[in-house]
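In what follows, a single structure is set out as structure tokens and then discussed.
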Amino acid sequence: MSGWQTLLYKEVLRFWKVGFQTVGAPVLTAVMYMLIFGHVLQDQVKVYGQVSYTAFLVPGLVMMSILQNAFANSSSSLIQSKIMGSLVFVLLTPLSHWHWFLAYVGSSVVRGLLVGTGVFAVTVFFGQPGFVAPLWILVFAILGAAMLGALGVIAGLWSEKFEQMAAFQNFVIMPMTFLSGVFYSIHSLPPFWQKVSHLNPFFYMIDGFRHGFFGISDVSPWLSLGIVGSAMLIVSAIAVNMLRTGYKIRH
Amino acid sequence: MPAISFQSVSKSYPAPRGPKGSTFLALDGVSLDIEEGEFFGLLGPNGAGKTTMISILAGLSRANSGRVSVLGHDVQRDYAQARRSLGVVPQELVFDPFFTVREALRIQSGYFGIKNNDAWIDELLSNLGLLDKANANMRQLSGGMKRRVLVAQALVHKPPVIVLDEPTAGVDVELRQTLWQFIAKLNKQGHTVLLTTHYLEEAEALCGRIAMLKSGRVVALDHTSELLKAASSNVLRFKVDSELPKVLADKARITGRIVQFPAHDALEIENYLAAVREAGLVAHDVEIRKADLEDVFLDVMTLHKDSKAGTSGVTA
């Protein structure tokens, strides 16, 4: 293994050692959502005309779990090691800012996909979505996880205290994922809120991801790919630059 | 080519107190070369700039001006090579709570691209008395054991230049001895060692050359033997039960009941004892000893008493 691969391995090992909390818990949370919302809305809501609400909900919950856990992975690792001081072991190495980026974002993608697979495995029993275009599923899962992993790097470097990190998570990540169409199709919203939803890049991740399951989506998957790809590039550029300048880690 | 080179290095930080935008000058034009194979001591009171120098050397901080290199590799432009050449034992007792000792050492080796490093890891564990803790989680170790792991982590990639930032702060005698034996062995094998410590007897015993730092400036730099020669040759040491008169106390180093006067000759010693007697005091346990590095250190610091930390701070 080369240097950055070791950092990637270490970051994966870090969350895997506490897998009950980092993988098990989010899977259980998703099951709770499915039980409650699925039970309440199953017979009352049909999406895209023919899709049952529980089947519609499965990809939404999977993507939400991927995004939240990818973010949690890089951000919590960085803030913890910054506060505990153990980041020094990585700071003293010859690893470049690109190596850091690859390892932290890579491990976030691994955790996101692992949790996503877990959530899919347990929620699929409630409502089976199709697999119309599996490549879209994979593309949006990886891109979404990578973007949130990079966002986690930004938040982890920027935060100096756990409170700041919690604020980032609760006031930015949570609203953006919840308001992105996890639980509903934005076509069910009034026109004004539909327009607002179109400004949220998270909406395109979930919409494109869902397209892979049903072959139907609120907007074209190519448009979603373009927007998510661009957002990913912008967020990555910021994260890489923060790592290059050693923002709040090299004084 | 020097193992470590500082050329006119200055570093300022935002001042913790004072008006907004004001800065604290932690290093003020430090120039210093440490040759390959040296065992070099960096001494100074708290806040003198020792850790700032080490942080800049290790890439944890960036100098505002000047140039720092390790074996000719600039720590900024050629940071990868510089860091490969450097093994740093940080001052803070830090550890990664997720891993065992062996895992931590394997991971640290991996960061440097070193595979199958178990033979050297075992040697490190054995030399530092950690073999029976190899599979223990870092959280389960005592402070002294964690300190040993920090040393091992700094050495996994066999760096030619080893930097120890107060490695014996708060550790027991056994570890100090184990550690110094091992570091001295590495030094004999050709590794350059840079040490900061508050234990001056350690520095005197180990370091061939010493720099003393005060308020971000190098105020003394010489071979340890030369520094010792330059100091007052003797120290008069005794105990008294009452307070010394101010005129005497100002010249003495007082630790509880113990009083010490630097003295150059027998006459000076006699005069001090006479002055104590005249003050109506009785000196017990009188002894005369050779001056040591602590005396040199205190002499140098007294000489540069006027340069208070932070007074050289400038407004940004």
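If you read the sequences in order, they're chains A and B.
Just so you know, the first sequence maps onto residues 66 to 316 in my numbering.
Just so you know, the second sequence maps onto residues -3 to 312 in my numbering.
For every residue, glycine included, the Cβ atom is placed at its ideal position computed from N, Cα and C.
Of B:Gln104, B:Ala279 and B:Leu82, the smallest CA-CA separation from Leu152 (chain A) is found for B:Gln104. Taking the C-beta atoms as reference points, Pro163 (chain B) is found no nearer than 8 Å to His187 (chain B).
For Ser67 (chain A), the nearest CB of chain B lies under 8 Å from its own CB, placing it at the interface with that chain. For Thr158 (chain A), at least one C-beta of chain B is nearer than 8 Å to its own C-beta.
Nothing from the segment 268 to 302 of chain B brings a Cβ to less than 8 Å from some Cβ of chain A.
Judged by their CB atoms, Ile52 (chain B) and Val5 (chain B) are nearer to each other than the 8 Å cut-off.
A direct Cα-to-Cα measurement between Tyr268 (chain B) and Leu244 (chain B) gives close to 8 Å.
In this structure, DSSP gives Ala248 (chain B) a state outside helix and strand, which the three-state scheme calls coil. Ile254 (chain B) carries a strand assignment under DSSP once its states are collapsed to helix, strand and coil. Taking 8 Å as the upper bound for CB-CB distance, Asp283 (chain A) and Ser250 (chain A) are in contact here, some 6 Å apart. For Pro241 (chain B), no alpha helix (DSSP H) run applies, since DSSP gives it neither H nor E. Note: Ala270 (chain B) is not bridge-paired with any residue in the DSSP secondary-structure output.
Of all alpha-carbon atoms in A:Ser301, A:Ser161 and A:Pro124, the one lying nearest the alpha-carbon of Gly103 (chain A) is that of A:Pro124. Under the three-state reduction of DSSP output, Gln87 (chain B) falls in the coil class, being neither helix nor strand. At a cut-off of 8 Å, the C-beta of Val153 (chain A) has a neighbouring C-beta in chain B.
Below the 8 Å Cβ cutoff, chain B contributes no neighbours of Arg309 (chain A), its closest Cβ being approximately 11 Å away. Residue B:Cys203 holds the alpha-carbon nearest to the alpha-carbon of Asp218 (chain B) among B:Cys203, B:Lys210 and B:Ser211. The beta-bridge partner set that DSSP reports for Pro10 (chain B) consists of B:Thr19.
Think of a sphere of 7 Å around the beta carbon of Phe91 (chain B): the chain A residues whose beta carbon falls inside it are Ser151, in chain order. Pro266 (chain A) is not a Cβ neighbour of His276 (chain A), given a cutoff of 8 Å. The contact set of Ser61 (chain B) on chain A, defined by CB atoms closer than 8 Å, is empty, because the minimum CB distance reaches about 15 Å. Closer than 8 Å to the CB of Leu179 (chain A) there is not a single CB belonging to chain B. Around the beta carbon of Asn134 (chain A), a 10 Å sphere encloses 16 or more other beta carbons of the protein chains shown; the residue is thus reported as buried.
Here the alpha carbons of Tyr107 (chain B) and Ala198 (chain A) stand approximately 39 Å from one another. A distance below 6 Å between beta-carbons, with the five flanking residues on each side excluded, links Glu283 (chain B) to the following residues of its chain, in chain order: Arg233.
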